[in-house]
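S.K.:
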Amino acid sequence: MNYCNLIWLLLVANLVYGRRVEESLLNYIGPQKPPAGQVDTMQLLVNRDLPQYSNSKGFILYEISSRAWLYELKEKYGTRINSLADVPLSEFYELKAGGVDMVWMQGIWKIGNYGVQLDRKDPKSRENFLEKLPDCTDADIIGSPYAVVEYSVNDELGGDRGLKALREKLKAADLKLMLDFVPNHMAVDCVWSNDLSKREFFILAPLEERANPSPDLYLPDGRAYGRDPYSGAWKDSAQLNYWNQSLRQAMMDNLMKVASMCDGIRVDMAMLILNDVIEKTWGDILRRNHYSRPEKEFWQEAIQKLRSTYPNTILMAEVYWNLDQQLQDLGFDATYDKTLYDIIYSNNLDSIRSYLSSKSEQFLAHSAHFVENHDEPRAAKYFGSRAIANSAASISFTLPGIRFQFHGEWQGKKNQLDIHLRRAAWEPEDPETLAFYYKLNQILSHDIFHQGNWSFINIEKEQQPEAWRLMAWKWRWIDTSDNNKVVYRLVVINHSDGNGVGCIPFDEAVSEMDSIELVELFTGSSYPKSRQSDNKICFVVEPWSLQIFAY
């Protein structure tokens, strides 16, 4: 997307949502690029340093599958894109224009040949790849980025030097950088695999089974495959032994190395190395190998060490099985909110309302909300339509917490990008979904959604038979730069297939102001409200739609 296309997109958003955007256009596009050789300091949105996350109510995180993205850019720009260092600065300006605060460059670490060859030769894997990419070739199969050989940048991406250049470009565009950390396992052919002094870094078959280990659980050399308690083996990986103190120290060192290269860390399957989960998955084998359960959690020690050197590094945990609160308590800044994702998919509005009204603002603020990512199906396909997917995004991203968005989501893509492949099946962009995301993210760029206070609102259902279709919440913020003015955003969402009609109490705002004007931010429509008027406000919201009011 070039700057002309960006202007076109904003005009589409104006037409779709009926609001003038001329005044804000320069905030998106900025001045023209400086002459070659000069540093480009273009500011697309107001520069806003991410506060220490404990003081933040959220930001937009944008996930990019690094190797697939580089392949995409090669197709777009030609062969001159050979490393992360070659990515044009305009790509990051466009992300900033879309409201992004932090970019997760997913899958940048070195991987080995073992996993790639396994993927190319395994018939079941090949069948799966062909389902997603009918014209898949061996060249398209690039191996899982989660079978890490070592925490150095993949040579396909330009190595550590390429990442350093990329980070400088991100800084120029006022973007932060997040990278992966994969604690549970390493690649079968990782740097420790042939080092006899590191053999006990891995979980090994019990001594009496080591001569003839089960091929479903172990490599021929006796190392266990990586896995979780509920799945089969991940046969491109070897399981690490967190009941070995030397391994713990080595992985803390790796964590510190990753932290030195970025502003945030996404931790893969973080709950797998909780002591209780290790006990369930590996406890019997570890005890037969004469290991005992540690007194402290690894994360308790590792996060304490991390904070001593990198106090502002944001730690985001991929987590399932309702273990998110435990990881937050251990020090993670944010945890996946997979429960909300599943409840939204159910389309049970009572369940969504019950979940949100039962959660504290603090818990939600320390959660990462998403409608798709590299592990999940594309939202536009999974939720049944782009309209429903956008409604799900409206719920997820207007809450406190990390607003976690995936490359291709803005374009309404339906074809999933498998992490083992360098491309997905081609499909056109959906301009309405693109306009929706740019408009929503523009609204969410206001400080109120980063620093304000959030509260759930009950919608009055008496004499309103269609009120059950609506849900609402409010943001409140004191603008210290404007004489401590109290600012509000009221979010009303209809996540259903019929028109929703309902009312909410409006005492709080009217009691603080003689008269106010509510402005609906998607349409620009104004609604005056006075102290003498009824102390409620009523809405009519179309199916799968939202309204956000500023006052």
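With mature numbering (1 follows the signal peptide of the UniProt record, and there is no 0) applied, the sequence shown corresponds to residues -18 to -1, 1 to 533, in that order.
Note that beta-carbon positions come from the ideal geometry of N, C-alpha and C, so glycine has one too.
Just so we're clear, the structure is a prediction, and the values are computed from it rather than from any experiment.
#1: Report the start-end ranges of each beta strand (DSSP E) in the stretch 272 to 348 that is 3 residues or longer and not cut off at the edges.
#2: Take the Cβ of K153 as the centre, count every other Cβ of all protein chains shown within 10 Å, and call the residue buried at 16 or more, exposed below.
#3: Give a yes or no on contact between the stretch 380 to 395 and the stretch 352 to 365, applying the rule of three or more CB pairs nearer than 8 Å.
#4: So for F184, helix, strand or coil by DSSP?
#5: Using C-beta distances below 6 Å, list every residue in its chain close to A147, excluding the 5 sequence neighbours before and after it, in chain order.
#6: In its own chain, which residues sit with a C-beta less than 6 Å from the C-beta of A193, not counting the 5 before and 5 after it?
#7: To which residues of the same chain is Y273 closer than 8 Å at the C-beta, ignoring the five residues directly before and after it?
#8: Can you grab the Cα-Cα spacing for the pair E414 / G204, in whole Å?
#9: Which stretch, first to last residue, makes up the alpha helix (DSSP H) that contains M234?
#10: Does the beta-carbon distance from A347 to Y292 come in below 8 Å?
#11: May I have a chain-ordered list of the alpha helix (DSSP H) segments no shorter than 4 residues that lie completely inside the stretch 350 to 411?
#12: What ranges does the beta strand (DSSP E) occupy inside the stretch 411 to 480, keeping only unbroken runs of at least 3 residues that lie completely in it?
#13: What does the Cβ neighbour count give for W216, buried or exposed, with the cut at 16 atoms within 10 Å?
#14: Does the Cβ of G40 have 16 or more other Cβ atoms within 10 Å, making it buried, or fewer, making it exposed?
#15: Return yes when the Cβ of L305 is within less than 8 Å of the Cβ of E279, no when it is not.
#16: Going straight from the alpha carbon of D479 to that of A129, what length do you get?
#17: Closest to D171 by C-alpha separation, out of Y207, K151, P197 and D137, would be which residue?
#18: From what residue to what residue does the beta strand (DSSP E) around K217 run?
#19: For E442, which of L452, G434 and Q433 has the nearest alpha-carbon?
#20: Per the contact definition of three or more C-beta pairs closer than 8 Å, is the stretch 363 to 374 in contact with the stretch 88 to 96?
#21: On the DSSP letters alone, give me the boundaries of the alpha helix (DSSP H) that W51 sits inside.
#22: What are the boundary residues of the beta strand (DSSP E) that includes S527?
#23: Three or more beta-carbon pairs under 8 Å between the stretch 134 to 150 and the stretch 109 to 123, yes or no?
#24: Would you say the beta carbon of D171 is closer than 7 Å to some non-hydrogen atom of the ligand GDP?
#25: Verify whether the separation of the beta carbon atoms of P165 and I401 is less than 8 Å.
#26: Here's the rule: buried if 16 or more other CB atoms are within 10 angstroms of the residue's CB, otherwise exposed. What is G506?
#27: Evaluate S340 with the Cβ neighbour count: other Cβ atoms within 10 Å of its Cβ, from every protein chain shown; 16 or more gives buried, anything less gives exposed.
#28: Might you give, ordered along the chain, the residues of its own chain that have their beta carbon closer than 7 Å to the beta carbon of I325, omitting 5 neighbours on each side?
#29: Rounded to the nearest angstrom, what separates E261 and R275 at their Cα positions?
#30: At which residue ranges does the stretch 89 to 154 contain complete beta strand (DSSP E) runs of 3 or more residues, listed in the order of the chain?
#31: Give me the Cα-Cα distance between H432 and E343, rounded to the nearest whole angstrom.
#32: Please classify K39: does DSSP put it in a helix, a strand, or coil?
#33: In whole angstroms, what is the alpha-carbon distance linking V523 and N481?
#34: According to DSSP, is S497 helix, strand or coil?
#35: Is it buried or exposed for T61, if we count other Cβ within 10 angstroms and need 16 for buried?
#36: Measuring CB to CB, does Y133 end up less than 8 Å from K287?
M.R.: A quick look at the data gives this:
#1: 296 to 299 and 316 to 318
#2: exposed
#3: yes
#4: strand
#5: Within the same chain, A147 has close Cβ partners A67.
#6: Setting aside the 5 residues that flank it on each side, A193 has no residue in the same chain whose C-beta is closer than 6 Å to its C-beta.
#7: The beta carbon of Y273 lies closer than 8 Å to those of N223, W225 and N226 in the same chain, with the five residues before and after it left out.
#8: Roughly 54 Å between the two C-alpha positions.
#9: Q227 to A241
#10: No; because the gap between Cβ atoms is not below 8 Å, this pair is not in contact.
#11: As far as the stretch 350 to 411 is concerned, its whole alpha helix (DSSP H) runs of at least 4 residues are 361 to 364 and 368 to 379.
#12: If we require 3 residues or more, the beta strand (DSSP E) runs fully inside the stretch 411 to 480 come out as 435 to 439, 452 to 461 and 467 to 476.
#13: By the 10 Å Cβ count, W216 comes out buried.
#14: The residue in question, G40, is buried, as its Cβ has 16 or more Cβ neighbours within 10 Å.
#15: In this structure, L305 does not lie closer than 8 Å to E279 by Cβ.
#16: 43 Å
#17: Y207
#18: W216 to Q221
#19: L452
#20: no
#21: S48 to Y59
#22: S527 to A532
#23: no
#24: For the structure depicted, the ligand GDP is absent and the ligand set is empty, with no information on it obtainable.
#25: no
#26: With fewer than 16 other Cβ atoms within 10 Å, it is exposed.
#27: exposed
#28: Excluding positions up to five away in sequence, the list reads S333, I334 and Y337.
#29: 8 Å
#30: 91 to 93 and 130 to 135
#31: 13 Å
#32: coil
#33: 6 Å
#34: strand
#35: exposed
#36: Against a cut-off of 8 Å, the Cβ pair of K287 and Y133 comes out as no contact.
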